[in-house]
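Working notes, beginning with the structure itself.
Number of protein chains: 2
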Amino acid sequence: MLSKKTKYGIKALVYIAKREREDPIQTSEIAKNENISLKFLESILLSLRKSGILASKKGKGGGYYLLKEPQEIKMTSVIRVLEGPIAMVPCVSLNYYEKCEDCPYESTCPVHALMIQVRDSTLKVFSENTLADMVSVKK
Amino acid sequence: MLSKKTKYGIKALVYIAKREREDPIQTSEIAKNENISLKFLESILLSLRKSGILASKKGKGGGYYLLKEPQEIKMTSVIRVLEGPIAMVPCVSLNYYEKCEDCPYESTCPVHALMIQVRDSTLKVFSENTLADMVSVKK
DNA sequence: TTTAAATCCTACTAATCTGCTAGGGTTTAA
DNA sequence: TTAAACCCTAGCAGATTAGTAGGATTTAAA
Numbered sequence: 004m005l006s007k008k009t010k011y012g013i014k015a016l017v018y019i020a021k022r023e024r025e026d027p028i029q030t031s032e033i034a035k036n037e038n039i040s041l042k043f044l045e046s047i048l049l050s051l052r053k054s055g056i057l058a059s060k061k062g063k064g065g066g067y068y069l070l071k072e073p074q075e076i077k078m079t080s081v082i083r084v085l086e087g088p089i090a091m092v093p094c095v096s097l098n099y100y101e102k103c104e105d106c107p108y109e110s111t112c113p114v115h116a117l118m119i120q121v122r123d124s125t126l127k128v129f130s131e132n133t134l135a136d137m138v139s140v141k142k
Numbered sequence: 004m005l006s007k008k009t010k011y012g013i014k015a016l017v018y019i020a021k022r023e024r025e026d027p028i029q030t031s032e033i034a035k036n037e038n039i040s041l042k043f044l045e046s047i048l049l050s051l052r053k054s055g056i057l058a059s060k061k062g063k064g065g066g067y068y069l070l071k072e073p074q075e076i077k078m079t080s081v082i083r084v085l086e087g088p089i090a091m092v093p094c095v096s097l098n099y100y101e102k103c104e105d106c107p108y109e110s111t112c113p114v115h116a117l118m119i120q121v122r123d124s125t126l127k128v129f130s131e132n133t134l135a136d137m138v139s140v141k142k
């Protein structure tokens, strides 16, 4: 399951990316328009800032803004910050690899083999989509 | 994250499928060989039986056996029984659809659009793999 | 210089899920 | 009759999630 943190985080990023103006956007504005709890959203935007996707301006008139152009922000990095590893098991994770204790040999493990395929296909989707693609979602 | 239930369930199914003999295989044998807690495995095999993937024989000499040939058992059905919905959000689930309360329009939701792509690519992997493919994992 | 707006930070909590364990009941072959 | 096996319900400790509470700090503007 996708966490609400990730869901809200993506919506907030899209909200910010949609604005073409350069001045920062307040957490409260996003929270109101996207139906997100203010305090929860605060912590989400904070972690996006700490990971280098967003930057912030403190004090009155402050808020958050993107550090890069939307088309330069891949969804892989967004997902990794918000949701954590993309792989469904640590033993196939590229960035957070861990061996399974119960598995003597990875090379003959059926779960390993299957999850490598899932990881690759999911990774493909996330790296083909940038924040700009998310902004342009319209039916 | 993939649950241990799913991981153990797949390993157990592969263990059963690897045997070509027709007589049932005991939970205890699988638990020992795959390093799985016996009681936990019991409950997993039980749910696989209830969903029609496995059948069982009670009493002495009893155990579990496959109801269909391994190449006829798609991983989609295995995953759905063990892990639940394949989609990461209910609003893109084919079998367990639910509307998001916080989303006024799905058609313009960026999360929805992204998760449809993830769902489709993951579904493709799971439906291209059968239990027979899992059995033949060798390096 | 004060005030209000905004981010930043820490700590707590209720609810849910996961990965089991406990303790037996029931069925069947030998 | 006995032992082996599946079947079933209940409970439980630990982790995670989705927040809430309460304030500290920074900054623009009156």
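If you're matching them up, the sequences are chains L and E in order. Its first residue numbered 4, the first sequence is counted upward by one per residue in the numbering used here. Its first residue numbered 4, the second sequence is counted upward by one per residue in the numbering used here. Every residue, glycine too, gets a C-beta built ideally from N, C-alpha and C.
Counting C-beta pairs closer than 8 Å gives fewer than three between the segment 119-136 of chain E and the segment 40-48 of chain L, which falls short of the contact rule. Contact check for residue 117 (chain L) against residue 137 (chain E) passes: the beta carbons are separated by less than 8 Å. Per DSSP, residue 141 (chain E) lies in no alpha helix (DSSP H) and is assigned neither H nor E. Around the CB of residue 100 (chain L), fewer than 16 other CB atoms lie within 10 Å, so the residue is classed as exposed. Within 9 Å of the CB of residue 102 (chain E), no CB atom of chain L is found; the nearest one sits about 13 Å away.
Contact of residue 5 (chain E) with chain L by beta-carbon distance below 8 Å involves 91, 92, 114 and 118. Contiguous alpha helix (DSSP H) elements confined to the segment 95-121 of chain L do not occur, taking only those with 4 or more residues. Look at the segment 76-88 of chain L: the residues with a C-beta under 7 Å from a C-beta of chain E are 78. In the three-state DSSP reduction, residue 61 (chain L) falls in the coil class, being neither helix nor strand. With a 10 Å radius around the Cβ and a threshold of 16 neighbouring Cβ atoms, residue 14 (chain L) comes out buried. If the five residues before and after residue 60 (chain E) are omitted, its C-beta is found closer than 7 Å to the C-beta atoms of 27 and 66, all from its own chain and listed in chain order.
Along the segment 24-83 of chain E, the beta strand (DSSP E) occurs as fully enclosed runs of 3 or more residues at 57-60 and 66-69, listed in sequence order. Within chain E, 124, 125, 127 and 128 have C-beta atoms less than 8 Å from the C-beta of residue 124 (chain L), given in sequence order.
Nearest to residue 98 (chain E) by C-alpha distance, out of E:107, E:113, E:4 and E:79, is E:79. Proximity to residue 24 (chain E) across E:119, E:133, E:69 and E:131 peaks at E:69, based on C-alpha coordinates. Here residue 46 (chain L) has no same chain residue with a Cβ atom under 6 Å from its own Cβ, once five neighbours each way along the sequence are excluded. Per DSSP, the unbroken alpha helix (DSSP H) holding residue 12 (chain L) starts and ends at 7-21. For residue 133 (chain E), DSSP records a beta bridge to E:77.
For residue 5 (chain L), the closest of L:107, L:82 and L:73 by C-alpha to C-alpha distance is L:82. Spanning the alpha carbons of residue 56 (chain E) and residue 127 (chain L) requires a straight line of approximately 31 Å. Within the same chain, 41 come within 7 Å of residue 31 (chain L) by CB-CB distance, once the 5 residues on both sides are set aside.
Note on geometry: alpha-carbon atoms of residue 7 (chain E) and residue 86 (chain E) lie some 9 Å from one another.
Judged by beta-carbon spacing, residue 111 (chain E) lies within the 8 Å limit of residue 140 (chain L), meaning their Cβ atoms are closer than that value. Residue 88 (chain E) and residue 133 (chain E) do not touch by the CB rule: their CB atoms are close to 20 Å apart, not below 8 Å. By the neighbour-count criterion, in which a residue is buried when 16 or more other Cβ atoms sit within 10 angstroms of its Cβ, residue 108 (chain L) is exposed. Any Cβ of chain L closer than 8 Å to the Cβ of residue 111 (chain E) would place that residue at the interface, and such an atom is present. Against chain L, a Cβ distance below 7 Å from residue 38 (chain E) picks out 105.
Residue 64 (chain L) is classed as exposed because its beta carbon has fewer than 16 other beta carbons within 10 Å across all chains shown.
In the structure shown, residue 86 (chain E) falls within a coil segment according to DSSP collapsed to helix, strand and coil.
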